[in-house]
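Residue 954 in this note's numbering sits at position 137 of the sequence shown; the count goes up by one each step and never skips.
Virtual Cβ for every residue (Gly too), placed ideally from N, Cα, C.
Bear in mind the structure is a predicted one, so any value in this text is a computation, not a measurement.
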Amino acid sequence: MKAQAIVFEAPQSIAVRTLELAPMGPRDVEVAVSFSGISTGTERLLRDGTMPPFPGVSYPLVPGYETVGTVAQMGAEVTGLSLGDLVFLPGSYAFQGVQNIFGGSGSRLVVPHERAVKLDAALGVKGVLLALAATAHHVFTVGREGLPLAYPDLIIGHGIMGRLLARMVVAAGKPAPVVWETQAVRQSGALGYGVIHPDDDARKDYRCICDVSGDSGILNRVIPKMAPGGEVVLAGFYKQDLSFSYAMAFMREASIRVAAQWKKHDLDAVVAMFHNGSLPLEGLITHFETPQRAQQAYEVAFGNPQCLKMVIDWRQA
818 MKAQAIVFEA
828 PQSIAVRTLE
838 LAPMGPRDVE
848 VAVSFSGIST
858 GTERLLRDGT
868 MPPFPGVSYP
878 LVPGYETVGT
888 VAQMGAEVTG
898 LSLGDLVFLP
908 GSYAFQGVQN
918 IFGGSGSRLV
928 VPHERAVKLD
938 AALGVKGVLL
948 ALAATAHHVF
958 TVGREGLPLA
968 YPDLIIGHGI
978 MGRLLARMVV
988 AAGKPAPVVW
998 ETQAVRQSGA
1008 LGYGVIHPDD
1018 DARKDYRCIC
1028 DVSGDSGILN
1038 RVIPKMAPGG
1048 EVVLAGFYKQ
1058 DLSFSYAMAF
1068 MREASIRVAA
1078 QWKKHDLDAV
1088 VAMFHNGSLP
1098 LEGLITHFET
1108 PQRAQQAYEV
1118 AFGNPQCLKM
1128 VIDWRQA
């Protein structure tokens, strides 16, 4: 079996190729992909060749971990799914002859059925937001035993992650956070919270500050804005080492925490939020392209500040 896939042949080189898919096993499902999202974090670094060294990162590779499609075939031992079900896939390892990092940007995927998350068909394309929402939710969850939940009162960046974080804080009934955004074109679109330029913020009493900007120089900017005993949560992806002024952090007895990849409990939580409507998803998907225009899609996703989420539409592939 073969399928089309977006392939990063090398840094700055994107192609659409027909690739062999791994054969299905008895616990696998084949999914006909409808939509896949472009990540402006990891995929930008993979496209640029600036991804820090991680095991398995090499070219050529198939990116993508934000995929929605319908179940087209099922192995004999698959349970809990039916043909035609809408599912979310956090990538796959299906494509042969390339690295699957994360293997979700293709017209058809083969995955173990445990990796397929069943969705309400009414969600449609909004299902591609599930991985980002789970990543945002992970900011709030326990990082180590005994650590209480943390809801940020300052969020750095009003891209799609910043918006999801802010909407989750509001949905949880917590005080509305302040969001910093330097680009005027991204300062609109707030739902129940305020967005300001950091130069206009005189506060110095934030208890929990969450950065999703990926700015490696952010610590020296936000630690002076922190209340004594406050916390900075790093939820962006940083291609350069981070550093900070120790004296300033010392005076505030600051904590710095890293929020990494989501866990299953985060995914389960946001699936429930997607289905019960408690997390607003309007206005987050802004651009669509076809696989044949993948090069242009990535240029817009990474270069146009008005693009919050670019989605590849595979339905006519």
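- Taking the CA atoms as reference points, Leu981 sits about 19 Å from Val885.
- In the displayed model, His975 falls within coil according to three-state DSSP, outside both helix and strand.
- Under the three-state reduction of DSSP output, Asp1130 falls in the strand class.
- Scanning its chain for C-beta atoms nearer than 7 Å, with the 5 sequence neighbours on each side dropped, one finds around Ser909 the residues Asn917, Gly920, Gly921, Leu926, Val927 and Val928, in chain order.
- Here His954 is buried: its Cβ has 16 or more other Cβ atoms, across all protein chains shown, within 10 Å.
- By the Cβ test, the region 1089 to 1105 is not in contact with the region 831 to 851, since fewer than three Cβ pairs between them sit closer than 8 Å.
- For the options Leu949, Gln1123, Phe1105 and Pro1097, the alpha carbon positioned closest to that of Phe1054 is the one of Leu949.
- Bridge pairing for Gln890: Glu847 [DSSP].
- Restricted to the region 831 to 883, the alpha helix (DSSP H) segments that are unbroken, complete and at least 4 residues in length are 859 to 865, listed in chain order.
- Rounded to the nearest angstrom, the Cβ distance from Val1087 to Ala951 is 5 Å, consistent with a contact under 8 Å.
- Beta-bridge pairing by DSSP links Ile1013 to Trp997.
- The three-state secondary structure of Met1068, taken from DSSP, is helix.
- For Leu949, the enclosing alpha helix (DSSP H) begins and ends at Leu947 to His955.
- Closest in alpha carbon position to Ala939, among Leu903, Tyr968 and Phe912, is Leu903.
- A distance below 8 Å separates the beta carbons of Leu878 and Leu863.
- Cβ-Cβ distances below 7 Å link Ala1044 to Asp1022, Tyr1023 and Arg1024 in the same chain, with the five nearest sequence neighbours on each side left out; the list follows chain order.
- DSSP places Tyr1023 in the uninterrupted beta strand (DSSP E) bounded by Tyr1023 to Asp1028.
- By the C-beta density criterion, Tyr1115 is buried, having at least 16 other C-beta atoms within 10 angstroms.
- Contact annotation, Trp997 with Asp970: C-beta distance approximately 12 Å; criterion of less than 8 Å not satisfied.
- Here the C-alpha atom of Val1029 lies approximately 18 Å from the C-alpha atom of Pro1041.
- Under DSSP, Ala967 forms no beta bridge with any residue.
- Less than 8 Å divides the Cβ of Ser853 from the Cβ of Val945.
- In this structure Glu931 is not in contact with Ala889, their Cβ atoms being roughly 18 Å apart against a cut-off of 8 Å.
- Residue burial annotation: Gly1047 is buried, with at least 16 other C-beta atoms found within 10 angstroms of its C-beta.
- The three-state reading of DSSP puts Val915 in coil, since its state is none of H, G, I, E or B.
- In the same chain as Trp1131, and ignoring 5 residues on each side of it, the C-beta atoms closer than 7 Å to its own belong to Val850, Ser851, Phe852, Ser853, Ser924 and Pro1108, in chain order.
- Following the DSSP letters along the chain, one finds His1104 inside the beta strand (DSSP E) bounded by residues His1104 to Glu1106.
- About 17 Å separates the beta carbon of Ala988 from that of Leu1084, a gap too long to meet the 8 Å contact definition.
- Ala983 carries a helical assignment under DSSP once its states are collapsed to helix, strand and coil.
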